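Asker: Residue numbers for the sequence shown, in the working numbering: 166 to 443. Attaching a single structure in structure tokens format; questions to follow.
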Amino acid sequence: MCCDCAVLAVTRCDPPEGSPLRAYPNGGHRQPMLHDTRALPLRIWHSLAIMTSQDVTIIDDYTGDLSQSRQPQRRTLDTATIVKLSVGPMDNNVYVVTSRKTGDQLIIDAANDAEHVLDLVRTLPGTPRLIFTTHRHFDHWQALEQVADALGVPTAAGRLDATELPVTPDRLVDDGDTIEVGDLTLDAIHLVGHTPGSIALALTDSDGVVHLFTGDSLFPGGVGKTWEPGDFDTLLNDVSAKLFDRYADSTVVYPGHGKDTTLGAERPSLPEWRARGW
166 MCCDCAVLAV
176 TRCDPPEGSP
186 LRAYPNGGHR
196 QPMLHDTRAL
206 PLRIWHSLAI
216 MTSQDVTIID
226 DYTGDLSQSR
236 QPQRRTLDTA
246 TIVKLSVGPM
256 DNNVYVVTSR
266 KTGDQLIIDA
276 ANDAEHVLDL
286 VRTLPGTPRL
296 IFTTHRHFDH
306 WQALEQVADA
316 LGVPTAAGRL
326 DATELPVTPD
336 RLVDDGDTIE
346 VGDLTLDAIH
356 LVGHTPGSIA
366 LALTDSDGVV
376 HLFTGDSLFP
386 GGVGKTWEPG
396 DFDTLLNDVS
406 AKLFDRYADS
416 TVVYPGHGKD
426 TTLGAERPSL
436 PEWRARGW
């Protein structure tokens, strides 16, 4: 058995109808049944991280599609680099945004496979400054406590989802707030519907192109899964007004699972999404 399998044993089963884990528009998640590794003392996690630590090969030919290989990919912008890593049985995306000027780093969604996330961060040049969690669902924070403790960095999350996280955020984020990482500034956008406190982050590069980290609020093909009556309309209204009405078609969307997209690719489908109700 490989070291990774020894650290985190996982079996899979289909999530029940209505489960908050069916976040894709097509309900395409699979629900992990995890052995309770989160109960391990942090000193054991530290030892495991040291034992399994290894350099990670990063692909610089960025496509945003990790479906065929979990090898992380790096996109290089004028002001930042964005590295995308897929982790866990639900193919969660972890993003590491690094300032090209200062080397300061923002980690978005320490979702799972703490040792893989730590290996990636330790391979990348730069200094982690903050871990941001896009929303409360457990598949987005499985590795949060271990990664935050190992790196010794503060955490942040949306105010209305914060109480559901395993780590009390050092910073509570509201709509319109900004997050500064070195010389980078990311705008916080509160999107209600998938959860009460989901937050998207928008990074505007020096060429004016916006890079939008949407968690589970927006995917290729639709908005995130909702459950209560009215939540779908609330989410679609927020996504329409705060994303599609605000940003150009060139805006790149980095979702919490699966492939990237652009607002331009999705914009023509907005009427269809509203008509079908999901």
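All C-beta atoms in this analysis are idealised placements derived from N, C-alpha and C, irrespective of residue type, glycine included. On a predicted model such as this, the values are computed, not experimentally measured, just so you know.
1) Going by Cα to Cα distance, which pick from Asp335, Glu431, Asp396 and Asp304 is closest to aspartate 410?
2) Count the other C-beta atoms from every protein chain shown that fall within 10 angstroms of the C-beta of alanine 214, then say buried if there are 16 or more, exposed otherwise.
3) Valine 346: beta carbon under 8 Å from a heavy atom of the ligand ADP?
4) What are the boundary residues of the alpha helix (DSSP H) that includes asparagine 258?
5) Buried or exposed: threonine 350, going by 16 or more other Cβ atoms within 10 Å of its Cβ?
6) How is the alpha helix (DSSP H) around glycine 429 delimited, first residue to last?
7) Please report the distance separating the alpha-carbon of arginine 336 from that of aspartate 348.
8) Give the straight-line distance between the Cα atoms of isoleucine 224 and serine 234, rounded to the nearest whole angstrom.
9) Am I right that asparagine 257 and histidine 376 are in contact with their C-beta atoms under 8 Å? What's the rounded C-beta distance?
10) If you follow the beta strand (DSSP E) that arginine 287 is in, where does it begin and where does it stop?
11) Excluding the 5 residues preceding and the 5 following serine 415 in the sequence, name in chain order all residues of the same chain whose CB lies nearer than 6 Å to its CB.
Answerer: Taking the geometry as given:
1) Glu431
2) Low confidence applies to alanine 214: its pLDDT is 42, below 50, so where it sits in the model is not reliable enough to give any reading.
3) What this structure holds is no ligand at all, so the ligand ADP is not there to describe.
4) Where asparagine 258 is concerned, there is no enclosing alpha helix (DSSP H), although the beta strand (DSSP E) it sits in stretches over 257-264.
5) exposed
6) 428-431
7) 19 Å
8) 11 Å
9) Not a contact, Cβ separation roughly 18 Å.
10) Counting along the chain, arginine 287 falls outside any beta strand (DSSP E), though it belongs to the alpha helix (DSSP H) covering 279-288.
11) Val374
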